[in-house]
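Trainee: The numbering of the sequence shown is our numbering, which starts it at 9 and goes up by one.
Just so you know, even glycine gets a beta-carbon here, dropped at the ideal spot from N, CA and C.
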Amino acid sequence: MERLLSDPSVISHIARGNGGRGAATGFLMSRCAGDEAEILSVAVDPSERGRGLAGELLRHHLSRVAARGIAKIFLEVGEDNRPALRLYAKAGFREVGKRAGYYPRPEGAVSALILRRDLV
Ligand SMILES: CC(C)(COP(=O)(O)OP(=O)(O)OC[C@H]1O[C@@H](n2cnc3c(N)ncnc32)[C@H](O)[C@@H]1OP(=O)(O)O)[C@@H](O)C(=O)NCCC(=O)NCCS
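#1: Is any heavy atom in ligand 2 found nearer than 7 Å to the beta carbon of LEU12?
#2: Rounded to the nearest angstrom, what separates ARG29 and ARG76 at their Cα positions?
#3: For the beta strand (DSSP E) holding LEU127, just list the boundary residues, first then last.
#4: Just to check, is the beta-carbon of ASN26 closer than 7 Å to a non-hydrogen atom of ligand 1?
#5: Hey, ALA45 and PHE35: beta-carbon distance below 8 Å or not?
#6: DSSP on ARG24, reduced to helix/strand/coil?
#7: Just mark SER14 as buried or exposed, buried being the case when its beta carbon has 16 or more other beta carbons within 10 Å.
#8: Report the three-state DSSP secondary structure of ARG59 (helix, strand or coil).
#9: Between the Cα of LEU66 and the Cα atoms of ALA32, TYR96 and GLY42, which residue gives the shortest distance?
Put into structure tokens, the structure is as follows:
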């Protein structure tokens, strides 16, 4: 995480409670290369989920990434991750690929969906 945060090609946004002065409640990070970016990680504290925080972070993040001249952004998500799939669908991402059996799960591997959103 430290290495990613100090990497100039990585854009990160952190949400904090208490009007921005409290502890971190969520974060999102993407790596940029040329006119493309990839969302590396997004997470919201379990106690803060389901209140629209990730949606707000993602909207802010995409506008800042677009302002850097990035034309398209990709990510990978487990096909069983319903909150994340809903989050990305609402933000305008669409499926462009699939890696079968990519994520191991106790009850059997699930596929990774590759999603894309154009920013220009
Ligand atoms: C995915 C994650 C970041 C979403 O954070 P969040 O702040 O709860 O998201 P939001 O409140 O903005 O909700 C996004 C959508 O997911 C839906 N959602 C939230 N929890 C859900 C659940 N348990 N099941 C189904 N949908 C759910 C919300 O209802 C919302 O859709 P809606 O606006 O149509 O109602 C959060 O669940 C998380 O940190 N998960 C663990 C890490 C992870 O899986 N990251 C994604 C890796 S690709």
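Mentor: In terms of the structure at hand:
#1: The model on display carries ligand 1 but not ligand 2.
#2: 27 Å
#3: Note, LEU127: premise wrong, no beta strand (DSSP E); not H, not E.
#4: no
#5: Not closer than 8 Å, so no.
#6: DSSP places ARG24 in strand when its eight states are reduced to three.
#7: exposed
#8: coil
#9: TYR96
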